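A quick write-up on the structure given underneath.
Okay, structure coming up:
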């Protein structure tokens with residue numbers, strides 16, 4: 001296990017990158033703590049697989065360094081880095097038995113056969129593959145194959161981190177849960193460093209202690225699932241995490257007051273100060289879960305018009321319009337919401353202010 | 362649901378039956394017909410049963426031709442399959458060089474077979490042929506029209522030149538179909554280049570290799586045009602393979618009965634060997650599992 005540090009890392013697939021858009025990965029510094037379970041979350045094409053492949057050594061970064069426990073491994077090949085990687089599509093060696101598949105990375109490194117046998121049996125036990133050890137790997141189902149891929153990473157005792165590149169994409173939904181739980185158990189038992197790439201927020205939030213959200217080649221936030229939910233550092237995080245995503249409304253500052261198309265909402269002075277300092281395009285964000293809907297006017301409540309109510313059985317999604325903006329609110333099943341006039345409460349402590357997409361608190 | 366049961370479906374496959382009957386079955390039956398009769402004149406024929414078959418099977422010349430044929434096909438397969446795999450592995454994987462290599466490789470496949478024979482016939486000549494002249498100039502005595510060994514070497518080299526590209530193209534397509542993740546996983550698992558070949562590339566190539574193997578086996582076992590043009594089966598009978606022997610029998614000597622009997626035997630040999638190869642290769646690497 002190791003602590004992984006990325007220093008001034010950037011990568012471009014072009015030979016002579018000039019504009020920032022030429023970079024698949026823009027310059028970043030990051031630390032992945034030893035023994036952490038990280039999820040790397042982001043839409044397709046945001047650079048998460050590139051980042052993963054740089055950590056494993058499959059790609060040499062254009063700039064910057066990769067450190068494992070302080071040791072520079074930027075120039076080292078994957079096999080010299082002691083990293084394990086599980087790919088989107090299960091990679092198994094068709095002609096080998098499950099046992100030989102699991103033994104392969106050890107045998108390649110010249111480990112004594114007695115130890116190979118011991119380790120393979122330990123790992124097979126852990127992954128519930130013992131009964132299949134003598135079978136040919138090619139005849140197994142996708143989930144068992146993916147377990148074998150994982151097993152090939154786990155057999156090596158000295159492995160620095162296990163990287164997962166959307167490993168559950170081809171697995172049946174009901175088996176996904178089982179595999180994910182297995183992974184979590186293994187993580188808790190052995191405190192391995194895990195980095196898990198996915199574009200599925202549920203997968204990321206249930207799997208990881210820390211979620212790294214990537215967008216357009218940059219890391220926009222690193223935080224616990226709760227932090228991502230409550231205080232998105234970037235409008236993208238607000239939009240990407242949660243269903244429906246965060247409501248974002250363009251706004252202006254007038255002294256310490258936020259103005260949304262004529263509607264005035266007072267702000268704490270230090271918040272307003274930070275927003276002024278940051279400058280740029282201002283946006284006010286609030287999660288649909290934090291909006292409250294009232295049937296009658298009340299102090300601080302904003303007059304709005306409900307345009308649609310979608311009843312999803314255990315909650316309602318309400319589409320409302322006020323001050324030139326359309327917002328969504330996620331309300332309890334018993335909330336009194338009907339199409340027509342209504343009043344919305346925006347809890348001040350739940351509001352987030354963004355300048356050019358980045359949170360100013 | 363009620364299912365209608367009748368024989369109407371047969372009408373749908375009837376066109377195929379008719380085509381196959383006229384293109385394969387009826388000509389084949391003619392051969393069967395000849396093989397069991399002695400044709401003496403336009404309306405004179407005698408049923409001879411298995412006589413032609415027995416005669417053909419005891420023919421010493423034919424035994425020699427069969428052995429020669431088996432040696433030739435074995436040699437061709439032993440050289441062309443590994444060479445084809447090696448060349449496919451060595452081909453560049455991207456850029457204009459790939460297209461260039463593929464086009465150059467495909468050229469021999471586009472040349473009519475008798476032209477291939479003619480090209481090598483001239484190429485190998487000691488007086489005006491580039492190949493023959495150079496080899497002789499290097500001090501190696503080479504004359505494919507007089508020396509059986511030289512004739513053999515020429516026929517084999519010609520076939521390798523002509524047909525290895527087919528194996529290369531098939532293997533190249535097979536290699537390109539292997540997802541990158543396999544190579545990446547192998548790098549992470551610390552696999553050597555040999556292990557990558559042995560455990561990833563070769564198993565993934567099994568399907569195309571089966572096709573390459575069968576095509577090359579069948580074609581080489583039936584080879585006729587190129588050696589016929591190049592050596593005419595000589596010197597002596599040293600490069601007379603089965604097809605040429607058959608042609609001599611049927612067209613040269615007009616022994617239609619034995620020729621027909623032998624055609625059937627020839628067909629059965631190819632069918633049997635192809636079936637054996639197919640079964641063996643399909644099951645190869647499937648063993649060991651309980």
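Chains as they are written, first to last, in our numbering: chain C, 1 to 361; chain P, 362 to 651.
For each residue, glycine too, the CB sits at the ideal point set by N, CA and C.
Keep in mind the model is a prediction, meaning the values are calculated, not measured.
Hey, how far is the Cα of residue 225 (chain C) from the Cα of residue 451 (chain P)?
As a position in the first chain, residue 225 (chain C) is number 225, starting the count at 1. As a position in the second chain, residue 451 (chain P) is number 90, starting the count at 1. If you take the alpha carbons of residue 225 (chain C) and residue 451 (chain P), they lie about 49 Å apart.
Chain P residues whose Cβ lies nearer than 8 Å to that of residue 44 (chain C):
Here residue 44 (chain C) corresponds to residue number 44 of the first chain, with the count starting at 1. Here the premise fails: no neighbours, minimum Cβ distance about 17 Å.
Nearest to residue 309 (chain C) by CA position, among C:319, C:303 and C:300, is which residue?
Here residue 309 (chain C) corresponds to residue number 309 of the first chain, with the count starting at 1. Residue C:319 is the option with its Cα nearest to residue 309 (chain C).
When burial is assigned at 16 or more other CB atoms within 10 Å of the CB, is residue 651 (chain P) buried or exposed?
Residue numbering aside, residue 651 (chain P) sits at position 290 when the second chain is read from its first letter. Confidence at residue 651 (chain P) is low in this model, with a pLDDT of 33, below 50, so its placement is unreliable and the value that follows should be read with caution. Exposed, because fewer than 16 other Cβ atoms sit within 10 Å of the Cβ of residue 651 (chain P).
Whole-angstrom distance between residue 12 (chain C) and residue 66 (chain C), CA atom to CA atom:
For the purposes of this step, residue 66 (chain C) is taken as the residue at position 66 of the first chain. For the purposes of this step, residue 12 (chain C) is taken as the residue at position 12 of the first chain. Roughly 16 Å between the two C-alpha positions.
Go through its chain and collect everything with a Cβ distance to residue 345 (chain C)'s Cβ below 6 Å, but skip five positions before and after it.
Locating residue 345 (chain C) in the first chain gives position 345, counting from the first residue. Taken in chain order, the residues that qualify are 292 and 301.
Nearest chain C C-beta to residue 604 (chain P) closer than 9 Å, yes or no?
Here residue 604 (chain P) refers to the residue found at position 243 when the second chain is read from its first residue. Cβ-Cβ to chain C under 9 Å: no for residue 604 (chain P).
Nonlocal neighbours in the same chain, by C-beta distance under 7 Å from residue 276 (chain C), ignoring five residues either side
As a first step, residue 276 (chain C) is located in the first chain; it is residue number 276 there, counting from the start. Contacts found: 253.
Residue 94 (chain C) CB to nearest chain P CB: under 9 Å?
Residue mapping note: residue 94 (chain C) aligns to position 94 of the first chain, counting from 1. Yes, residue 94 (chain C) counts as interfacial toward chain P.
Among P:444, P:619, P:488 and P:575, nearest to residue 641 (chain P) - alpha-carbon criterion:
The residue you call residue 641 (chain P) lines up with position 280 of the second chain. Here the closest residue by C-alpha is P:575.
Quick one: measure Cβ to Cβ for residue 210 (chain C) and residue 194 (chain C), integer angstroms, because I've assumed they're closer than 8 Å.
Here residue 210 (chain C) is taken as the residue at index 210 of the first chain, counted from 1. Here residue 194 (chain C) is taken as the residue at index 194 of the first chain, counted from 1. Not a contact, Cβ separation roughly 10 Å.
Could you check the C-alpha separation between residue 397 (chain P) and residue 618 (chain P) for me, to the nearest Å?
In the second chain, the residue the question calls residue 397 (chain P) occupies position 36. In the second chain, the residue the question calls residue 618 (chain P) occupies position 257. About 7 Å.
Min CB distance residue 61 (chain C) to chain P below 9 Å
Translated into positions along the first chain, residue 61 (chain C) becomes position 61. No, residue 61 (chain C) lies away from the interface with chain P (no Cβ there is under 9 Å from its Cβ).
With 16 other CB atoms within 10 Å as the buried threshold, where does residue 648 (chain P) fall?
For the purposes of this step, residue 648 (chain P) is taken as residue 287 along the second chain, with counting starting at 1. Because residue 648 (chain P) sits at a pLDDT of 47, beneath the cut-off of 50, its placement in the model cannot be relied upon, and the following sentence gives the value as read from the coordinates. Counting Cβ neighbours within 10 Å, residue 648 (chain P) comes out exposed, since fewer than 16 surround it.
Between residue 554 (chain P) and chain C, is there a C-beta pair that is closer than 9 Å?
Taking the second chain and counting its residues from 1, one reaches residue 554 (chain P) at position 193. Judged by the 9 Å Cβ criterion, residue 554 (chain P) is not in contact with chain C.
Residue 532 (chain P) - containing alpha helix (DSSP H), residue span:
Residue mapping note: residue 532 (chain P) aligns to position 171 of the second chain, counting from 1. That run of the alpha helix (DSSP H) goes 509 to 537.
Mind pulling the chain C residues with CB within less than 9 Å of residue 545 (chain P)?
Looking up residue 545 (chain P) in the second chain gives position 184. Here the neighbours are 53, 56, 58, 78, 85, 87 and 91.
Got a sec? Which residues, its chain only, sit under 7 Å from residue 26 (chain C) by beta carbon, not counting five neighbours each side?
Against the first chain, residue 26 (chain C) aligns to sequence position 26. For residue 26 (chain C), where only same-chain residues beyond five positions count, the Cβ hits under 7 Å are 10, 20, 217 and 218.
By how many angstroms is the C-alpha of residue 214 (chain C) removed from the C-alpha of residue 202 (chain C)?
The residue given as residue 202 (chain C) occupies position 202 in the first chain. The residue given as residue 214 (chain C) occupies position 214 in the first chain. About 16 Å.
How about residue 525 (chain P) and residue 591 (chain P): do their beta carbons lie closer than 9 Å?
Walking along the second chain from the start, residue 525 (chain P) turns up at place 164. Walking along the second chain from the start, residue 591 (chain P) turns up at place 230. Against a cut-off of 9 Å, the Cβ pair of residue 591 (chain P) and residue 525 (chain P) comes out as no contact.
Give me the Cα-Cα distance between residue 655 (chain P) and residue 412 (chain P), rounded to the nearest whole angstrom.
Within the shown structure, residues of chain P are numbered from 362 to 651, placing residue 655 (chain P) beyond reach of any answer.
Contact between the stretch 421 to 438 of chain P and the stretch 484 to 497 of chain P: three or more CB pairs below 8 Å?
no
Please confirm if residue 12 (chain C) has its CB atom under 9 Å from at least one CB of chain P.
To locate residue 12 (chain C), count along the first chain from 1; it is residue 12. No, because no Cβ of chain P sits closer than 9 Å to the Cβ of residue 12 (chain C).
Residue 633 (chain P) versus residue 384 (chain P) - alpha carbon distance
Here residue 633 (chain P) refers to the residue found at position 272 of the second chain. Here residue 384 (chain P) refers to the residue found at position 23 of the second chain. Each residue's Cα considered, the two are about 22 Å apart.
Give a yes or no on whether 9 Å exceeds the smallest Cβ distance from residue 537 (chain P) to chain C.
For the purposes of this step, residue 537 (chain P) is taken as the residue at position 176 of the second chain. For residue 537 (chain P), the answer is no, since every Cβ of chain C falls outside 9 Å of its Cβ.
Which residues in chain P have a C-beta closer than 8 Å to the C-beta of residue 109 (chain C)? List them in chain order.
As a first step, residue 109 (chain C) is located in the first chain; it is residue number 109 there, counting from the start. Under the 8 Å cutoff, chain P gives 551.
Beta-carbon spacing of residue 150 (chain C), residue 106 (chain C) below 9 Å
Residue 150 (chain C) sits at position 150 when you count from the first residue of the first chain. Residue 106 (chain C) sits at position 106 when you count from the first residue of the first chain. Cβ distance not < 9 Å, so residue 150 (chain C) and residue 106 (chain C) don't count as in contact.
Mind listing the chain D neighbours of residue 105 (chain C)? Cutoff is C-beta to C-beta under 7 Å, in chain order.
The chain inventory of the structure shown lacks chain D, comprising the protein chains C and P.
Return the CA-CA distance between residue 246 (chain C) and residue 49 (chain C), expressed in angstroms with no decimal places.
In the first chain, the residue the question calls residue 246 (chain C) occupies position 246. In the first chain, the residue the question calls residue 49 (chain C) occupies position 49. The straight-line gap from Cα to Cα measures roughly 26 Å.
Pull out every residue of the stretch 133 to 155 of chain C whose Cβ sits closer than 9 Å to any Cβ of chain P, in chain order.
134, 135, 136, 138, 139, 149, 152 and 153
Does the structure place the stretch 131 to 138 of chain C close enough to the stretch 89 to 100 of chain C that three or more beta carbon pairs sit under 8 Å?
yes
Using only the alpha-carbon positions, how far apart do residue 55 (chain C) and residue 512 (chain P) sit?
Within the first chain, numbered from 1, the residue matching residue 55 (chain C) stands at position 55. Within the second chain, numbered from 1, the residue matching residue 512 (chain P) stands at position 151. Going from the Cα of residue 55 (chain C) to the Cα of residue 512 (chain P) covers about 59 Å.
Between which two residues does the beta strand (DSSP E) holding residue 375 (chain P) run?
Residue numbering aside, residue 375 (chain P) sits at position 14 when the second chain is read from its first letter. Per DSSP, residue 375 (chain P) belongs to no beta strand (DSSP E); it is in the alpha helix (DSSP H), 370 to 381.
Using a C-beta cutoff of 9 Å, does residue 446 (chain P) count as contacting chain C?
As a working mapping, residue 446 (chain P) is identified with position 85 in the second chain. Chain C, which has no Cβ nearer than 9 Å to the Cβ of residue 446 (chain P), makes this no.
Alpha-carbon to alpha-carbon, residue 85 (chain C) and residue 543 (chain P):
Along the second chain, one-based indexing puts residue 543 (chain P) at 182. Along the first chain, one-based indexing puts residue 85 (chain C) at 85. C-alpha separation (whole angstroms): 11 Å.
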